[in-house]
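> Pasting a structure below so you can have a look.
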Amino acid sequence: MRGTSPQAHYANESPTRQLRAAGHGFSLGQQPLQGLSHLRQGSSRRGFTIVELLIVVVVIAILAAITLVAYNGITANAKESALKADLNTTAKKVGITQAETGSYPSSEPAGLPDSIQYSQTSSGQGFCATASKDGKAFHITESGTIQSGACSGHTIAGGGGGGGTEIAANSPIQNVTSAQCQALPTFTGSNNDAVRTVTDNRGGTTRTYEIAKLADGKCWMLTNLKLGSTSSSITLTPADSNVASNFTLPQLTTGGNAEYDLPRAYGPVDNDPGNYGYLYNFAAATAGETLASLTTGNAQHSICPANWGLPSGGGGSGNDFGDLDIAFGGTGNYAGGGEANIAKWQPSGPFRGSFSGGWVDGFDGQGVAGYLWSASADPAYPGTAFSAGFDPSYVDPGDGYSGRGDGIGVRCLLN
């Protein structure tokens, strides 16, 4: 084969002939080549192939992964056991105080483990202690049962609303910070990965709420407040609520007369699909404001969780409801007739509005329209306060008003 290199020619030969050629200047004589026995001896002591080495590496990696998983599991279990042991120690210590004095300690006793946060509840007849570390938390109350998560108002060390920018799932709503809110993507109504789920343990019942950063750059509750009890009143404290001092939210009712100055909470709401929440008169929503105590301006307190409050109203820019509507593409004032911003307030929009109706001598308008208290008194009509209202055809973004004795919904805004 003229013109073909020796290498190309010998590529078609048998492996043995190729070996001989490669080892001895491409000589293909019939006599045994000098040095061939040396090559044969060397082949009997060959090293590992690449495939064999890869198999060994893979096996080692698998064994290392199994060991790491087992180690992490043992470490996590050890941390949980340590936190639970700290809680049991705390419960025993404060239990001794309760047995001696008839009341649990009013503040955190000295000598508790470093992982512990402690709060007295129920005017000294109860307590809640949280043990947390590295984003993991458990809590215990006077019932003696250890549960996952933190007490209301307590910070989870290393995460979960305390440290870091991520809001851990089902962490206390009271622990959410402004920095964590700003780190969230803006919720547009469809990107559900921007929504976070948090909990509120006030009143002895754990409620779950969804929150998100909306177009105005602020964090809003996307579900109506559902705080209240059908069997007793609830005491809200500055540790867990947006109140100046202890405030008593009365037992839920479904009847009675409209009340302007005494707090009232109405529920459960008729035909509730699960998102109406409870309805409150203005005195309840603002944690005790009366016709005389708030004639103009904004209430400074509310039944919202600690670090959250009622949005301001009155319409236009400079008010929370109005600013949100402007960010939604509206004017901040009443709109009707199909404007684009109306869709943003609906149940399918980013605000996820709820048609919870109201209470006026009875439940009314459920499934038809939604109404939400602002913190703002209406100076033109002393018996009213500004509220937001919406249905499929209109929106009053905080420039509408409701009678202070009416029961309507509450949405809270991160301070």
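Residues are numbered in my numbering as their position in the sequence shown, beginning at 1, plus a constant of 94.
Using N, Cα and C, we set each Cβ at its ideal position, and we do this for glycine too.
Kindly list the residues whose CB is nearer than 7 Å to the CB of T183, restricted to its own chain and excluding five residues on each side of it in sequence; keep chain order.
Cβ within range, chain order: P207.
> Sort out for me which residues DSSP pairs Y303 with in a bridge.
V292, per the DSSP bridge assignment.
> Short check: CB of T329 to CB of S217, under 8 Å?
Cβ distance < 8 Å, so T329 and S217 count as in contact.
> Along the chain, where does the beta strand (DSSP E) that runs through I210 open and close?
Taken as a continuous stretch (DSSP letters only), the beta strand (DSSP E) holding I210 covers 210-215.
> By how many angstroms is the C-alpha of L507 removed from the C-alpha of P405?
The alpha-carbon atoms of P405 and L507 are separated by roughly 6 Å.
> Per DSSP, what kind of secondary structure is C275 in: helix, strand or coil?
Helix at C275.
> According to DSSP, simplified to helix, strand and coil, what is A244?
In this structure, A244 counts as coil in the three-state DSSP scheme.
> Under 8 Å: do the region 486-495 and the region 400-415 share three or more Cβ pairs, one atom per stretch?
Result yes; three or more Cβ-Cβ pairs closer than 8 Å.
> Going by C-alpha distance, which of G196, K227, I234, E194 is nearest S511?
Outside the shown range of the chain, which is 95 to 509, sits residue 511, and nothing can be said about it.
> Assuming Y360 and L319 form a contact by the criterion Cβ under 8 Å, report the distance between their Cβ atoms to the nearest whole angstrom.
Between L319 and Y360 the Cβ distance is about 12 Å, and since that is not below 8 Å, they are no contact.
> Considering only C-alpha positions, which residue in the set A155, N375, A338 is nearest to I502?
Nearest of A155, N375, A338 to I502, Cα basis: N375.
> Among the residues of its own chain, which have a CB less than 8 Å from the CB of S200, if the five just before and after it don't count?
Within the same chain, S200 has close Cβ partners Q214, G218.
> Are at least three pairs of beta-carbons, each pair with one atom in the region 448-467 and one in the region 335-354, less than 8 Å apart?
Yes, the region 448-467 is in contact with the region 335-354.
> Where does D500 land, buried or exposed, given buried means 16+ other C-beta within 10 angstroms?
By the 10 Å Cβ count, D500 comes out buried.
> In whole angstroms, give me the CA-to-CA distance for I154 and I144.
Their backbone Cα atoms lie some 15 Å apart in a straight line.
> Assess contact between the region 378-396 and the region 426-439, defined as three or more Cβ pairs (one per stretch) separated by less than 8 Å. Is contact present?
The region 378-396, when compared against the region 426-439, does not touch it at the 8 Å Cβ threshold.
> Go through its chain and collect everything with a Cβ distance to P279's Cβ below 6 Å, but skip five positions before and after it.
Correct list, in chain order: A288.
> Going by DSSP in three states, N392 sits in which element: helix, strand or coil?
In the structure shown, N392 sits in a strand (DSSP, three-state: E or B).
> How far does the alpha helix (DSSP H) with I234 in it extend, from its first residue to its last?
Premise fails: I234 lies in the beta strand (DSSP E), 230-235, not in any alpha helix (DSSP H).
> Judging by CA-CA distance, which residue of A400, T282, C222, S242 is the nearest neighbour of A306?
If we check each option's Cα against that of A306, T282 comes out closest.
> Could you give the C-beta distance for T271 and A244, rounded to a whole number, given that I count them as a contact under 8 Å?
Not really, about 14 Å apart at Cβ, beyond 8 Å.
> Could you tell me which whole alpha helix (DSSP H) segments of length 4 or greater appear in the region 420-496?
Within the region 420-496, the complete alpha helix (DSSP H) runs of at least 4 residues are 434-438.
> Flag this pair as yes or no: are the beta carbons of G483 and G497 separated by less than 8 Å?
No.
> Please classify S175: does DSSP put it in a helix, a strand, or coil?
Three-state result, S175: helix.
> Please state whether the Cβ-Cβ distance between T369 and S448 is less than 8 Å.
It is Asn, not Thr, that sits at residue 369 in the sequence shown. Yes.
> If we ignore side chains and look at the alpha-carbon of each, how far apart do N509 and T331 end up?
Computed Cα separation, rounded: 17 Å.
> Hey, quick one: how far does the beta strand (DSSP E) through F221 stretch, first residue to last?
Element bounds for F221: 220-227.
> What are the partner residues of L330, as DSSP defines its beta bridges?
L330 pairs with F341.
> Hey, quick one: how far does the beta strand (DSSP E) through C313 stretch, first residue to last?
That run of the beta strand (DSSP E) goes 313-315.
> Since N392 and G461 are thought to touch, with beta carbons under 8 Å apart, how far apart are those beta carbons, to the nearest angstrom?
With a Cβ gap of about 31 Å, N392 and G461 do not count as contacting.
> Would you report the Cα separation of Y303 and T291, rounded to the nearest angstrom?
Y303 and T291: Cα-Cα distance of roughly 6 Å.
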